[in-house]
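**Q** Here the protein sequences come in this chain order: A and B.
Just so we're aligned, residue 1 is where the first sequence starts under the working numbering, counting upward by one.
Just so we're aligned, residue 1001 is where the second sequence starts under the working numbering, counting upward by one.
We treat Cβ as the ideally placed atom computed from N, Cα and C, and that holds for glycine.
Here the structure is a predicted model, which is why all the values come from computation and not from measurement.
This structure is in structure tokens; I'll ask about it shortly.
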Amino acid sequence: MVNFRGIIIQAMKFTKAFISIFFTLLLIWALQTKISLVPPLGKFLSPADGFWQNAESKHILPALNLKLNGLQDKVTIKFDENHIPHIFAQNEHDLYFAQGYMTATDRLWQMDIQTRQAAGRLAEVIGPKVLDIDRYHRRMGMVYGAEKTIKAMMADPVERNMILAYTDGINSYIHQLSPRSYPIEFKLLNYAPEDWKPINCAFLLKLMSETLAGGSNEFAMTNILRKFGPASTNDLFPDYPMHEDPIIPTGTKWDYFKTLPIPKPSANFLAGMADSTNTKPRVEGIGSNNWAVAGSKTASGYPILANDPHLNLTLPSIWYQVQLSAPGMNVYGVSLPGAPCVILGFNNNISWGITNVDADVLDWYQEKFRDTKMEEYWYNNKWNKTTRRVEKIEVLGQKPVYDTVVYTHHGPVVYQNNAQKADGPDFVPVGHSLRWIAHEQSNELMAMYLLNTGKNYDDYRKALTFFSAPASNFVFASKDDIAITPNGKYPLKYKDQGKFILDGTDPADDWHGWVPFGQDPTIKNPARGFVSSANQSSTDPSYPYYINWSFAPYERGKRINDRLAVMTNATVDSMRKLQTDVYSIRAQNILPTMLKYIDPTKLNATQLSAYDQINMWDKNFAPNSIGATVFTNWWSQLYNAVWGDDFADKTLQNNFPSVDRTEKLLLNEPTSKWFDDIRTPAKETAADIVNKAFAAAVKEITDRCGKPGANWQWGKFKRMEIASLSRQPAFGSGNFESGGTASTVNALHDGHGPSWRMVVQMGPKVKGYGIFPGGESGNPGSFFYNDMFKTWNEGKLKELLFMQSVSEQSPRIKSTYTLTGK
Amino acid sequence: MLFFIILILSFASGYFLPWWIVAVISFLTALFIGTTAKSSFWQAFIAVLMVWIVLALFKSIPNDHIMATRIAHLFHLPGWGYILAVTGILGGLVGGMSALSGLLLKRAFQKH
């Protein structure tokens, strides 16, 4: 009996122990596992493995010795007060090895996630919710294009050496990591970094092409043509704007080359134009400015160059500053994390910068397939075989997805049917194949290498021959010359080929080869003493080849040219002031006309106050300007009121006529039928719409900001932040006050803006100045994550520490790394 | 005694072993020298909590708590002190539960 009681007690003790152990193990398992979006909490919060390990100390080691497998000789890296590496190597192999090593040290996760995005490999680490984004990138042919490009890059010995050394440097950093030293985002998403592959460099360049030349509105334009007919379409979407100030000055002669025969328009195109009856919508704000001023206009007598590329701003910063020095090379500037070389910068002889051209290098072809199997398509009066490419997409927690993409000779059929498109981008027409410059093999890194080592204008011209896409306005300055070239690989097309969807069955609609490099528009040392670009039309209509039918609005370019034309004794500071200029050419052009229609005696108190503010406004988008807030809202109400009714049809994808065309309507055609709101019985004119828009704008601002006062100031009204690449608000900048808008030179707008401001004073001793919104480190727990943001936001530049030798002394040098081989 | 052994072993291992080692330490220590369930749980709880807070502060103080503040905001907490407290309590819970399990297992094998 006693024994039996003992067994029960014993059993109960075991049960208790078992329950306790069970719950302890369950707790540990839960803390070690990623549940939905929450990282494994035990791992993530523990001081041994978690985020505490990523908290970087403010105490910087003044010297560090590193032994790295693969180095051929000694490399010395000096870091300045912003932790910018100044790399001194004995040979080019070690130089790019060290660049790869340092870039990975500071930006590994950014490099990993951007490569994954381009390659359609996000779902592998994030899960099924991003599968559609991956499928889109695969089906667009990003991998197809990158595979071709890396082949071309590896065929060139200089480039091959550069890419392999850079890759080895990155991997040498990755191999020394342990899970506790992984960058914070790997811990958040709970995956491990993988080895870098040479093709990743190609993926990053293709990603740039996607950002800058991956949009189109051909699908919408074709629907517009069907709805309104050719007369209205040509009237509303003209091939050259009313206001323009092209990059290559009007009147430039094209006598430096013999024009190739221009292809004839296809039958389909002509039929569309006589009938009585693009990928991503383009975003205003992805633009950039650059210019160079000749010595005749500067205080020093030597040219000055300036560049500020505008992009969707992120943290970690888009760019990585670096100085690269080896025998035969000493270059300073910004690089793209994941690609060797300096992309925008200067050396002791030359400086260069780029802005986007926005060439028409992406076209859709309507294909005629024999049947739904899509094994054959009609082209050149016969059936032709399609090819297939199988894309294997790994998905976290699921079996891999196999996606078959059909290719015609044009390129991939991005979506075969509506089911496949599902929630895919609107601008992609179903059943159409895509011809895109990013599918071509290219050698952009060679262009960069030649600029990095370039000595004069001829080297600049030679470098450009290697640059295909995204087509860019390359500005140049040496101590003797200035120049600009809207440069890239332009398909040879008939005029407006690609304004609308093309006919896939007709060879006349194919791309007809390429515009030869020597025939790109270019200008050297023009009489006006400066060159500039701000994404406006490359040339006036006299240029024989078709580049695109529409470009970014001209306002920034016009303001830059107006200022540079009257500038004398220019200094670095004059350039800085122009980069941060917020004067609105748009307001200058149309505000007087808009105000003319307003009768102040008919306004209520709030409207009158807004009217007074805009009446005395100096047309600057300063942070404390109330006029800027009123004008922006008024114009936006007006623009939407003019087109919102006629273009309400969803298939038109809100592809309204341009700002320039709307201005023309307002200034020259006040009784046009387009002012009439077709949704009301009354017949409206410009006066009615302008007044309605004003009332609506004042109401909108009042609803958001209350009675007129400090809250109406532009800096307070406008939302502006630098978002983090990981989409975590805690890792972003948060909202901050700023001036400017998309159409001012300082184009801060909706999270877009100057991702790098650079000014270079040429001469016997080159001096560079620059700043970007963020910092060198990609670690949100580093003092160098956004240490340069404040200076950038104040509109100031920093003098760049351009060292002439490794032994050069400077109080700005805070630490030194010595790298040697094992 | 239990407290000090867990404290010292957890502290030393924090520099090179994964986070869950504190569970093993607490479990084994209580298995061998634990006395009562309550004291085993609380001694381990306090020991691991202290170790985790001290190790976290070693990293966070020279960082001016930049990282801890960002992570606190990530979890919608107002400041770095909160994420430090959550870290400590989580570690304490793992240590305490493991020590309790160790003690209960020891009891199960004990003749009385």
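(1) Residue 1078 of chain B versus chain A: which residues are under 9 Å apart at the beta carbon?
(2) What residue from A:625, A:656 and A:769 has the CA that sits closest to residue 644 of chain A's CA?
(3) Let me know the secondary structure DSSP gives residue 634 of chain A once reduced to three states.
(4) Using the C-alpha atoms, what's the distance from residue 800 of chain A back to residue 747 of chain A?
(5) Residues in the same chain with beta-carbon distance under 6 Å from residue 220 of chain A, minus the five sequence neighbours each way, listed in chain order, please.
(6) Measure from the alpha carbon of residue 778 of chain A to the alpha carbon of each residue in B:1067, B:1023 and B:1061, then state which is nearest.
(7) So which residues of chain A does residue 1097 of chain B contact, with C-beta pairs closer than 8 Å?
(8) Which residues share a DSSP beta bridge with residue 533 of chain A?
(9) Go ahead and label residue 340 of chain A buried or exposed: buried means 16 or more other beta carbons lie within 10 angstroms of its beta carbon, across all protein chains shown.
(10) Which residues in the same chain have their Cβ closer than 6 Å to the Cβ of residue 549 of chain A, if we skip the five residues on either side of it in sequence?
(11) Are the C-beta of residue 1050 of chain B and some C-beta of chain A separated by less than 9 Å?
(12) At least one CB of chain B closer than 9 Å to the CB of residue 13 of chain A: is that the case?
(13) Quick one: Cα of residue 289 of chain A to Cα of residue 360 of chain A, how far?
(14) Just the Cα atoms here: how many angstroms apart are residue 277 of chain A and residue 665 of chain A?
(15) Check the Cβ-Cβ distances between residue 200 of chain A and every residue of chain B, and say whether any is below 9 Å.
(16) When every heavy atom of the ligand GTP is checked, does at least one fall within less than 8 Å of the C-beta of residue 1010 of chain B?
(17) Residues in its own chain within less than 8 Å of residue 326 of chain A by CB, not counting five upstream and five downstream?
(18) With a threshold of 9 Å between beta carbons, is residue 195 of chain A in contact with chain B?
(19) Pull up the DSSP beta-bridge partners for residue 757 of chain A, would you.
(20) How would you list, in chain order, the residues of chain B whose beta-carbon sits under 8 Å from the beta-carbon of residue 54 of chain A?
(21) Which residue spans inside the stretch 311-399 of chain A form an unbroken beta strand (DSSP E) run of at least 3?
(22) Nearest by alpha-carbon distance to residue 42 of chain A: which of A:112, A:188 and A:164 is it?
(23) Could you tell me the alpha carbon to alpha carbon distance between residue 3 of chain A and residue 1108 of chain B, rounded to whole angstroms?
(24) What does the Cβ neighbour count give for residue 241 of chain A, buried or exposed, with the cut at 16 atoms within 10 Å?
(25) Near residue 607 of chain A, which residues of its chain fall below 8 Å by C-beta distance, leaving aside the five closest residues on each side in sequence?
(26) Give the DSSP-derived three-state secondary structure of residue 51 of chain A in the structure shown.
(27) Along the stretch 729-752 of chain A, where does the CB come closer than 7 Å to a CB of chain B? Name the residues.
(28) I need the DSSP call for residue 835 of chain A, collapsed to helix, strand or coil.
(29) Just checking, does the stretch 168-181 of chain A make contact with the stretch 56-75 of chain A on the three C-beta pairs under 8 Å criterion?
(30) The stretch 763-797 of chain A: which residues have C-beta closer than 9 Å to a C-beta of chain B, in chain order?
(31) Chain B partners of residue 58 of chain A, CB-CB under 8 Å?
(32) Just the C-alpha distance for residue 182 of chain A and residue 47 of chain A, rounded to the nearest angstrom, thanks.
(33) What three-state label does DSSP hand residue 811 of chain A in the structure shown?
(34) Since residue 488 of chain A sits in a beta bridge, which residues does DSSP pair it with?
(35) Ignore the nearest five residues each way along the sequence and tell me which others in residue 587 of chain A's own chain have a CB closer than 6 Å to its CB.
(36) Which of helix, strand or coil does DSSP assign to residue 306 of chain A?
**A** Per the coordinate set shown:
(1) Ordered by position in chain A, no residue passes the 9 Å Cβ test against residue 1078 of chain B, which lies about 12 Å from the chain.
(2) Nearest to residue 644 of chain A by C-alpha distance, out of A:625, A:656 and A:769, is A:656.
(3) Helix at residue 634 of chain A.
(4) Rounded to whole angstroms, residue 747 of chain A to residue 800 of chain A spans 23 Å at the Cα level.
(5) Once the five neighbours on either side are set aside, the close Cβ partners of residue 220 of chain A are 652, 653 and 655.
(6) Measuring from the Cα of residue 778 of chain A, the nearest candidate turns out to be B:1067.
(7) Simply 20, 23, 24 and 27.
(8) Answer by DSSP bridge pairing, in chain order: A:290.
(9) Under this definition residue 340 of chain A is a buried residue.
(10) In its chain, beyond the 5 residues on either side, 239, 496 and 499 have a beta carbon closer than 6 Å to the beta carbon of residue 549 of chain A.
(11) It does not: the Cβ of residue 1050 of chain B has no partner Cβ on chain A nearer than 9 Å.
(12) Nearest CB-CB separation between residue 13 of chain A and chain B: below the 9 Å threshold.
(13) The alpha-carbon atoms of residue 289 of chain A and residue 360 of chain A are separated by roughly 20 Å.
(14) Note that residue 277 of chain A scores a pLDDT of 37, beneath 50, so its modelled location is shaky; the value from the coordinates is reported in the next line. For residue 277 of chain A and residue 665 of chain A, the distance between alpha carbons rounds to 23 Å.
(15) It does not: the Cβ of residue 200 of chain A has no partner Cβ on chain B nearer than 9 Å.
(16) Absent from the structure shown: the ligand GTP. Ligands present: none.
(17) Closer than 8 Å at the Cβ level, and outside the excluded window around residue 326 of chain A, lie 88, 89, 90, 91, 92, 94 and 95.
(18) False, the Cβ-Cβ gap to chain B never drops below 9 Å.
(19) Residue 757 of chain A pairs with A:771.
(20) Here the neighbours are 1067.
(21) Taking only runs of at least 3 residues, the beta strand (DSSP E) segments lying wholly in the stretch 311-399 of chain A are 320-326, 329-335, 344-347, 350-356, 362-366, 376-379, 382-385 and 387-393.
(22) Looking at the Cα atoms, A:188 is the closest of the given residues.
(23) Computed Cα separation, rounded: 16 Å.
(24) Result: buried.
(25) Excluding residues within five positions, the ones whose Cβ falls inside 8 Å are 694, 695 and 698.
(26) Collapsing the DSSP output to three states places residue 51 of chain A in a helix.
(27) Hits within the stretch, in order: 730 and 731.
(28) Because residue 835 of chain A is not part of the residues shown, which for chain A are 1 to 822, the question remains open.
(29) Yes, the stretch 168-181 of chain A is in contact with the stretch 56-75 of chain A.
(30) Correct list: 779, 780, 781, 782, 783 and 785.
(31) By Cβ distance, chain B contributes 1062, 1063 and 1064.
(32) Approximately 14 Å between the Cα atoms of the pair.
(33) Reduced to three states, the DSSP call for residue 811 of chain A is coil.
(34) Note: residue 488 of chain A sits in no beta bridge, so no partner.
(35) Closer than 6 Å at the Cβ level, and outside the excluded window around residue 587 of chain A, lie 619 and 631.
(36) DSSP, reduced to helix, strand and coil, places residue 306 of chain A within a strand of the structure shown.
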